[in-house]
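J.: Chain order of the listed sequences is A and B. Position one of the first sequence corresponds to residue 19 (this note's numbering), numbered consecutively onward. Position one of the second sequence corresponds to residue 1369 (this note's numbering), numbered consecutively onward.
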Amino acid sequence: MSAVVEDIQRPERSKPLIARIDWVKASPWLYTIALFAIWEASVRVFDLPYTVLPAPSRIFAALYQYWSPIWKNSLQTLYTTTLGFLMAVVGGLALGLFIGWSKVIYAGLYPLMIGFNAVPKVAVVPILVIWFGIGAVPAMLTAFLISFFPIVVNVATGLATIEPETEDVLRALGAKKIDIMLKVGIPRSMPYFFGSLKVAITLAFVGSVVSETVASNYGLGNLMSSAQSQFNVPLVFAGLLALAVEGIVMYSIMAWVEKRMTGWAHRSTMSH
Amino acid sequence: MTHLVSIENVDMRYGGASGTLAVADLTFKVDKGEFAAVVGPSGCGKSTLMRLVTGLHIPQAGNVIVAGQHVTEPVSIVGMAFQNPSMLPWRTTLDNILLPLEIVERHRKRLRAHRAEYVEKAEHLLEVVGLKDFGSKYPWQLSGGMQQRANLCRALIHEPQLLMLDEPFGALDAFTREELWCVIRDLHAAQDVTIILVTHDLREAVFLADKILVMSARPGRVLREHRVPFARPRDLEITYDQAFNDVVHQLHGEIANARRAA
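Shown next as C-alpha cells:
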C-alpha cells in the first residue's frame, strides 16, 4: 500500500534547508543519481574498457549521438508493446471473467493456463514468424502472450474469492449467478485487475523486445542486437536505458489508473 | 396456521450419501411475529438450520415450510445478517443497504422509477438503528458496530417477513453488543417481523427471545424448547435479575450436557 506523505508546513522559517526537504519525495531521484554516480566512479576507478561496461557519461553520449534511431525505434517498441498489452487487457479480462464464472471451468482451464505460461515465449517467436513473417506482428503477439497470464489469474482470483456470506445473503434473496457477478464479483475483482496491469505492462516490454531481438528489423530489440553485433556497447546500453524509461513511464500510468479506478481498495482493508 | 416457519423431521447430509449428517430429525416451529433464538454446542448445525430455512440448502428428508410454502428454492421473504457485515467497500452505506432491492424480483423493476421513495425508507431505517446521516459514508469509514447496524438495515430494507440472524454481534465488544440488542429489540417491537437468531451468547438469547431452542451436538436436533417468561418491553436491567440469571444458568447446564453427550 502507498505510504502517506504528510505535508506538514512548519511555520518556522529558520529551519535549515536540510530539514525542509521532503526526503520521501526526493529519494527516488537521489537514489537514481547515486546509482549513476557509483557506476561512473567504478568504471573510472577500475578502468573498465567501454566494450565491457561503458560509463554513464559514455552512454549518454551515445544516446545523444544516435538520438534519431533510438527515438524512432523506441516509438516502434512502445507501439508494439502497447498494442500487445491492450490485446492482453481485453483478452485477459474476458478469459478471467469466463474462468472465474464457474468452478468447473476454473478447474479445467487452470492447468492448461499454467502449462501455457511455463512455455518460454522465446521458443514461441519462431512459430509466430512462420505464421506471420518477421516484423511487428510477432512482437505484438509475444507481448500479448506474455502479459496475458497475470491478468487472467488476477481477475479469476478476484471472482473466486467472493465472501460466502455475501453470496448467501444475495442468493437467499433470489439472486441469479449473473446478478452476483455483476453486483459483487466484477467490482470486487477490479482492484486485482488494475493491480495486475502493472505487472503485465512490464512483462509486455519483455515480450516485444525478445521478439524484436530475434525476428524484426525495427524496434529497440533489433537496434540493440545490431549494435551488439558491431561491438557498439554504449549504444546497447543506450537502448537499455530507453527501455527502462519507457517501462517506468508505462508502469506509472498503470499505477495512476489503478489508483483512480479503485481508490476504495487502497483506503479500505480488503481483509476477510 | 400462524406458523411462519415449520420444520418437520428434517435430515441434512453434506457431501453425498456417506457425508456428515449435519442435522437429523430436526423439528421445530416458529410463529408469525415470534422471536426465536437457537443455541447449542458449536458444530450443532445452527448454520445449517439458517441455510435450510432460507432455502439455500434443500434437505434430503423432511419438510421445510416457510409462509405456507414448501421451500424448494431460495425464498426472498427473508433477510439475513451474519457476524461478518460483508458490506461492499465500493458502495456507500446507503447503496449497500439498497442492494437487496436490486435483487428481489418485486422491487428491482420499480427501483429506478421510485428510487427517492426507497432512499427515504433506507434513511428512515438508518435513523432507527442510530446511523442518521451516515448513509453517504463508505463502510470502511464506519466502526465494526456501525457496520453491523448498517448490515441490519440491509437485511430489513425489502421488508422481509422473516429475519435470520447468525451470531450478528459475535465480533463486537460487550457495550456495543448490548446497544445492538436494544436496537434489535426495538425493531422487533416496531415492525411486524419474525426473527430467528442463532447465537452462542446465552444472555443475548434470553434477553431477546420469546422462545429458545436448545440443540444437541452433531447431528443436530432440538433437545428442548424454552419459553422465556419475561414481559416485554424488556430493559437491559433485567439481565442482572436473579430470575434472568437462573434461565441463563439452566441453558448453560443443558448445553454443557449436550456437549458431554457428544
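The beta-carbon is built from N, C-alpha and C at its ideal position, and this holds for glycine as well. These numbers were taken from a predicted model, which means no experiment stands behind them.
#1: Per DSSP, what are the beta-bridge partners of B/E1376 in this structure?
#2: Could you work out which residues of chain A lie near B/V1472, taking near to mean beta carbons separated by less than 8 Å?
#3: Note down, one range per segment and in chain order, each alpha helix (DSSP H) of at least 4 residues found wholly within the stretch 98–182 of chain A.
#4: State the CB to CB distance for the pair B/L1581 and B/V1590, rounded to an integer number of angstroms; the pair is presumed to be in contact (CB under 8 Å).
#5: B/E1593 bridges to which residues according to DSSP?
#6: Give me the chain B residues within the contact set of A/T184, using Cβ-Cβ distance strictly less than 7 Å, ordered along the chain.
#7: Would you call the stretch 1422–1442 of chain B in contact with the stretch 1403–1414 of chain B, where contact means no fewer than 3 C-beta pairs closer than 8 Å?
#8: Does A/T50 pass the burial test, meaning 16 or more other C-beta atoms within 10 Å, or should it be called exposed?
#9: Taking B/L1456 and A/V187 to be in contact with their CB atoms under 8 Å, please state how far apart those CB atoms are, rounded to whole angstroms.
#10: Classify A/Y236: buried if its beta carbon has 16 or more other beta carbons within 10 angstroms, exposed otherwise.
#11: A/M158 and A/T100: beta carbons closer than 7 Å?
#12: Identify whether A/M242 lies in helix, strand or coil by the three-state DSSP scheme.
#13: Whole angstroms are fine: how far does the CA of B/L1389 sit from the CA of B/P1587?
#14: Output, in chain order, the set of chain B residues within a Cβ distance shorter than 8 Å of A/E181.
#15: Can you have a look at B/H1620 and say buried or exposed, based on whether 16 or more other CB atoms are within 10 angstroms of its CB?
#16: Hey, would you say A/T77 sits closer than 7 Å to A/F249, going by beta carbons?
#17: If you follow the alpha helix (DSSP H) that A/A222 is in, where does it begin and where does it stop?
#18: Comparing alpha-carbon positions, which option in B/D1569, B/I1552 and B/T1567 lies nearest B/V1561?
#19: Starting from B/G1447, trace the beta strand (DSSP E) in both directions and tell me its first and last residue.
#20: Going along chain B in order, which residues have a C-beta closer than 7 Å to the C-beta of A/L188?
#21: What is the C-beta distance between B/I1433 and B/S1374, in whole angstroms, given that I count them as a contact (C-beta under 8 Å)?
#22: Use the C-beta contact count for A/K139: other C-beta atoms within 10 angstroms, 16 or more gives buried, fewer gives exposed.
#23: With respect to the alpha helix (DSSP H) encompassing A/M272, which residues constitute its N-terminal and C-terminal limits?
#24: Give the interface partners of B/L1467 over in chain A, defined as CB-CB distance under 7 Å, in chain order.
#25: Bridge partners for B/R1545 per DSSP, in chain order?
#26: Looking only at its chain, what residues have a beta carbon closer than 8 Å to the beta carbon of A/V143, apart from the 5 residues adjacent to it on each side?
#27: How far does the beta strand (DSSP E) with B/I1563 in it reach, from first residue to last?
#28: Taking A/V61 as part of the alpha helix (DSSP H), name the residues at either end of that continuous run.
#29: Determine which residues share a DSSP beta bridge with B/F1502 and list them.
#30: Measure the alpha-carbon distance for B/V1566 versus B/M1532 and round it to whole angstroms.
#31: Just the C-alpha distance for A/M242 and A/A273, rounded to the nearest angstrom, thanks.
#32: So what does DSSP say about B/A1368, is it helix, strand or coil?
#33: In whole angstroms, give me the CA-to-CA distance for B/A1429 and B/K1414.
#34: Contact check, B/A1518 vs B/I1564 under 8 Å by CB: the rounded distance?
#35: How close, in whole Å, do the beta carbons of B/M1448 and B/T1422 come, if the pair is a contact with beta carbons under 8 Å?
#36: Am I right that A/L191 and B/P1468 are in contact with their C-beta atoms under 8 Å? What's the rounded C-beta distance?
T.: Let me spell this out:
#1: Start at 1 with the first residue of the second sequence, and residue 1376 of chain B comes out as number 8. For B/E1376, which the question treats as bridged, DSSP gives the partners B/N1431.
#2: As a working mapping, residue 1472 of chain B is identified with position 104 in the second sequence. Per Cβ cutoff of 8 Å: L191 and G192.
#3: 121–136, 139–150 and 154–178
#4: Position 213 of the second sequence, counted from the start, is the residue given in the question as residue 1581 of chain B. Position 222 of the second sequence, counted from the start, is the residue given in the question as residue 1590 of chain B. Correct: roughly 5 Å between the Cβ atoms.
#5: Counting from one through the second sequence, the residue named residue 1593 of chain B turns up at place 225. Bridge partners of B/E1593: B/L1581.
#6: Taking the first residue of the first sequence as 1, we reach residue 184 of chain A at position 166. Under the 7 Å cutoff, chain B gives S1454.
#7: no
#8: Locating residue 50 of chain A in the first sequence gives position 32, where the first residue counts as 1. Exposed, by the Cβ-count rule.
#9: By 1-based counting over the second sequence, the position of residue 1456 of chain B is 88. By 1-based counting over the first sequence, the position of residue 187 of chain A is 169. With a Cβ gap of about 11 Å, B/L1456 and A/V187 do not count as contacting.
#10: Counting from one through the first sequence, the residue named residue 236 of chain A turns up at place 218. Answer is buried; the Cβ neighbour count reaches 16.
#11: Against the first sequence, residue 158 of chain A aligns to sequence position 140. Against the first sequence, residue 100 of chain A aligns to sequence position 82. Their beta carbons are not under 7 Å apart, which means A/M158 does not touch A/T100 by this criterion.
#12: Along the first sequence, read from residue 1 onward, the residue named residue 242 of chain A stands at position 224. It is helical.
#13: The residue labelled residue 1587 of chain B in the question sits at position 219 within the second sequence. The residue labelled residue 1389 of chain B in the question sits at position 21 within the second sequence. About 6 Å.
#14: Indexing the first sequence from 1 puts residue 181 of chain A at position 163. What A/E181 touches in chain B: N1452 and S1454.
#15: To locate residue 1620 of chain B, count along the second sequence from 1; it is residue 252. Its Cβ having fewer than 16 others within 10 Å, B/H1620 is exposed.
#16: The residue given as residue 77 of chain A occupies position 59 in the first sequence. The residue given as residue 249 of chain A occupies position 231 in the first sequence. Residue identity differs from the one stated: residue 77 of chain A is Ile in this sequence, not Thr. Cβ distance not < 7 Å, so A/I77 and A/F249 don't count as in contact.
#17: As a first step, residue 222 of chain A is located in the first sequence; it is residue number 204 there, counting from the start. I204 to A233 is the span of the alpha helix (DSSP H), which, as asked, contains A/A222.
#18: Sequence index remark: in the second sequence, residue 1561 of chain B carries index 193 (1-based). Among B/D1569, B/I1552 and B/T1567, the Cα nearest to that of B/V1561 is on B/I1552.
#19: Counted from its first residue, the second sequence places residue 1447 of chain B at position 79. Residues V1446 to F1450.
#20: Locating residue 188 of chain A in the first sequence gives position 170, where the first residue counts as 1. By Cβ distance, chain B contributes I1471.
#21: Position 65 of the second sequence holds residue 1433 of chain B. Position 6 of the second sequence holds residue 1374 of chain B. Contact holds; Cβ gap of about 4 Å.
#22: Position 121 of the first sequence, counting from 1, holds the residue named residue 139 of chain A. So A/K139 counts as buried.
#23: Counted from its first residue, the first sequence places residue 272 of chain A at position 254. Looking at the DSSP string, the run of the alpha helix (DSSP H) that includes A/M272 is V251 to M279.
#24: As a working note, residue 1467 of chain B is residue 99 in the second sequence. Residues of chain A passing the Cβ test: K201.
#25: As a first step, residue 1545 of chain B is located in the second sequence; it is residue number 177 there, counting from the start. The partner list for B/R1545 (beta bridge, DSSP) is empty, contrary to what the question assumes.
#26: For this step, residue 143 of chain A is matched to residue 125 along the first sequence. Counting only Cβ-Cβ distances below 8 Å, and skipping sequence neighbours, we find P156, T160, V228, S229, V232 and A233.
#27: Here residue 1563 of chain B refers to the residue found at position 195 of the second sequence. Per DSSP, B/I1563 belongs to the beta strand (DSSP E) from T1562 to V1566.
#28: Residue 61 of chain A sits at position 43 when you count from the first residue of the first sequence. Where A/V61 is concerned, the enclosing alpha helix (DSSP H) stretches over W41 to F64.
#29: By 1-based counting over the second sequence, the position of residue 1502 of chain B is 134. Paired residues: none, contrary to the question.
#30: Here residue 1566 of chain B refers to the residue found at position 198 when the second sequence is read from its first residue. Here residue 1532 of chain B refers to the residue found at position 164 when the second sequence is read from its first residue. If I take the Cα positions, the gap works out to 8 Å.
#31: Position 224 of the first sequence, counted from the first residue, corresponds to residue 242 of chain A. Position 255 of the first sequence, counted from the first residue, corresponds to residue 273 of chain A. If you take the alpha carbons of A/M242 and A/A273, they lie about 28 Å apart.
#32: The structure shown does not extend to residue 1368 of chain B, since chain B spans only 1369 to 1630, so no value can be given for it.
#33: On the second sequence, position 61 is the one that residue 1429 of chain B refers to. On the second sequence, position 46 is the one that residue 1414 of chain B refers to. C-alpha separation (whole angstroms): 17 Å.
#34: Mapped onto the second sequence, residue 1518 of chain B falls at position 150. Mapped onto the second sequence, residue 1564 of chain B falls at position 196. Actually they do not touch by this definition, with Cβ atoms about 21 Å apart.
#35: Locating residue 1448 of chain B in the second sequence gives position 80, counting from the first residue. Locating residue 1422 of chain B in the second sequence gives position 54, counting from the first residue. Right, their Cβ atoms sit about 6 Å apart.
#36: Position 173 of the first sequence, counted from the first residue, corresponds to residue 191 of chain A. Position 100 of the second sequence, counted from the first residue, corresponds to residue 1468 of chain B. Confirmed, about 5 Å.
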